[in-house]
Amino acid sequence: MDLQFHKPEPSEARQISPYYSMRPNKTCDSGMLDTYLWAGYYNTQIATPDDRALLILMKDGGEFFASMPWCREEDLAHYFDVLKAYFNEVLKKPLKIYLADEEAVTALHLTKNPDFIVKEEFDLKDYLYDGEKMRTLAGRKYHQKRNQVNKFSREYDGRWEYKSLHSLDHDNVTAFLDDWFSRRILEENNALDSLEAELLGLKLISDHSDEMPFKAGCIKIDGKIEAVTIGSFNKLEKMAIISVEKGNPDIDGIYQVINQQFLIHEFPDAVIVNREDDVGLPGLRQAKESYNPIGYARKYMVLQKNFAGYEKELTDQYEKEIHEYSED
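Under the numbering used here, the first residue of the sequence shown is numbered 491, with each subsequent residue one higher.
What follows is the structure, given as structure tokens:
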């Protein structure tokens, strides 16, 4: 199959969005937002062979890798083979998939396939929550969260509001994001590249918000934006995916309020809420655990073994990688 990969254009967002929820998948990647948010960072390219699947190819440095095919479950094995053939015959590389969802790994029986190494990425599992509990914060487990919301509401009584951003309030949102990222870049020099890439991705979707099927909202205090959040909805899983949540860290309770208000206003029917992973950061892990997850969307690295066509000069590197993953 002749695959024609190209950079995902904002004008394609509504066209490709349905592919992400064609099969069971509870990861945050089962929504189109992350494809665009990180397109620059990962040099993302897409292809839609036969109009029955969406394939995503990425590159980090000299390393190519892919997402699991986005298609119906009954077509998954076919398009997995299509992707493998493209890596082997066109790129002359073994197939490598990062962040493969557990449902696909199970459906393809990859853990039992001797031609592949499958390794769980423990720090990249997504946190899943009960949608209704996140909206109401009812019950003893959410006592502290309710207190934070109530304290914020009292302190800023009559001064704050939640506002849906149907087409992003471009200038004000951009100013808020510039300020937020400026703070973080000063604090985290080691994360400079990823922070700058995320900011560029956010500005891309802000510039093209009318073309993309996502929800956005903000908290304003005294008319000024102090928190912004952006998410999408997986219809198959009835799941809200929260891809972006930024707030003024100097305002107590701002994150608890934007979290709750966004779900109330934009995703009132979401049964599950996916708030993405903690990337192995202890502070972020503690924050996500404090909301009492009901489960996790686990992700895996899938690496093809015994690939004879690998470039000769990279054979040693490939064999070393195979050995390292096998040891793990």
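Beta carbons: idealized from backbone N, C-alpha and C, even for Gly. Bear in mind that the values here come from a model prediction, so they are computed numbers and not experimental data.
Taking the alpha-carbon positions, what's the residue i to residue j distance?
i: G785; j: Q634; result: 21 Å
i: P515; j: K728; result: The sequence as given places Asn at residue 515; Pro does not occur at that position. Taking the straight line from one Cα to the other gives about 11 Å.
i: F666; j: I720; result: 14 Å
i: N680; j: V580; result: Low confidence applies to N680: its pLDDT is 49, below 50, so where it sits in the model is not reliable, and the reading given next is rough at best. For N680 and V580, the distance between alpha carbons rounds to 35 Å.
i: S507; j: S699; result: 14 Å
i: R630; j: N637; result: 11 Å
i: V769; j: M548; result: 19 Å
i: T664; j: L685; result: 15 Å
i: D669; j: N738; result: 9 Å
i: F757; j: K582; result: 44 Å
i: L689; j: F671; result: 7 Å
i: R513; j: E701; result: 24 Å
i: I546; j: A730; result: 22 Å
i: A503; j: A597; result: 27 Å
i: A543; j: Y569; result: 7 Å
i: T534; j: D541; result: 19 Å
i: P539; j: P500; result: 19 Å
i: K614; j: N662; result: Strictly speaking, residue 614 in this sequence is Leu, with Lys absent from that position. Rounded to the nearest angstrom, the two C-alpha atoms are 32 Å apart.
i: R673; j: P604; result: 48 Å
i: H496; j: P772; result: 37 Å
i: K602; j: G552; result: 29 Å
For chain C, check one thing: does any of its Cβ atoms lie closer than 8 Å to the Cβ of residue i?
i: G530; result: Structure shown: chain C not included; a single protein chain is present.
Would a C-beta distance cut-off of 8 Å place residue i and residue j closer than the cut-off?
i: L627; j: V639; result: yes
i: E735; j: N749; result: yes
i: I715; j: N764; result: no
i: A567; j: I587; result: no
i: F554; j: F577; result: yes
i: Y781; j: Y619; result: yes
i: L774; j: L527; result: no
i: R562; j: L753; result: no
i: I762; j: I709; result: no
i: A760; j: F723; result: yes
i: R649; j: D712; result: yes
i: D505; j: A537; result: The question names Asp, but residue 505 is Gln in the sequence shown. Result no, Cβ atoms of Q505 and A537 do not sit closer than 8 Å.
Nearest CA to the CA of residue i: which residue from the options?
i: A706; options: Y652, D683, L690 and I546; result: Y652
i: L694; options: F797, G530 and S507; result: G530
i: A590; options: Q494, D519, E564 and Y532; result: D519
i: D616; options: P604, L771, T517 and Q794; result: T517
i: Q794; options: Y632, V747, K609 and D740; result: K609
i: H755; options: G621, D683 and P783; result: G621
i: Q751; options: E593, L771, K623 and A594; result: K623
i: W560; options: G552, P584 and E593; result: E593
i: V747; options: K725, D740 and A717; result: A717
i: N796; options: P584, D492 and M558; result: P584
i: P783; options: Y632, D697 and F704; result: Y632
Q) Taking three-plus beta-carbon pairs below 8 Å as touching, is the stretch 774–791 in contact with the stretch 638–648? A) no
Q. At which residue ranges does the stretch 536–599 contain complete alpha helix (DSSP H) runs of 4 or more residues, listed in the order of the chain?
A. 566–575 and 592–597
Q: Go through the stretch 604–692 residue by residue and report every complete run of the alpha helix (DSSP H) that reaches 4 residues or more, in order.
A: 621–626, 633–645 and 660–677
Q) Does the stretch 517–531 touch the stretch 570–588, meaning 3 or more C-beta pairs lie closer than 8 Å? A) no
(Q) Quick check for students: name the residue ranges of the alpha helix (DSSP H) that lie wholly in the stretch 495–529, counting only runs of 4 or more. (A) 503–506 and 523–527
Q | Completely contained beta strand (DSSP E) runs for the stretch 724–776, where each covers 3 or more residues | A | 729–737 and 762–764
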